[in-house]
Amino acid sequence: MANKALATRQKMRLRVEPTPPIKPRNPFAGFAKARAAGSHEKTTASERLAAKRALKKAKLEPDED
262 MANKALATRQ KMRLRVEPTP PIKPRNPFAG FAKARAAGSH EKTTASERLA AKRALKKAKL
322 EPDED
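With the sequence shown counted from 1, adding 261 to any position gets you our numbering.
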């Protein structure tokens with residue numbers, strides 16, 4: 262059923278007005294977070310993966326005793 266409230270050439274449009282930017286609680290917190298350095302040691306997961314790769318790379322041969 263046709264929309265009788267609108268004229269034939271008129272299209273329904275939703276107006277979206279721009280909202281003002283949200284002010285942060287602490288403007289200096291973002292700068293400190295971006296500047297903060299991460300840990301300089303390898304994680305346990307990466308150490309496990311490295312050990313797993315080393316095992317696959319090493320050729321295991323039986324002893325000749």
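In this text, a Cβ means the ideal position worked out from N, Cα and C, and glycines have one as well.
Three-state class that DSSP yields for residue i in the structure shown
i       : result
Leu-316 : helix
Ser-300 : coil
Lys-284 : coil
Leu-275 : coil
Straight-line Cα distance separating residue j from residue i
i       : j       : result
Asn-287 : Ala-293 : 11 Å
Arg-314 : Lys-320 : 12 Å
Arg-203 : Glu-302 : The chain is shown only over 262 to 326; residue 203 falls outside these bounds and no answer can be derived.
Leu-275 : Gly-291 : 35 Å
Leu-316 : Asp-324 : 17 Å
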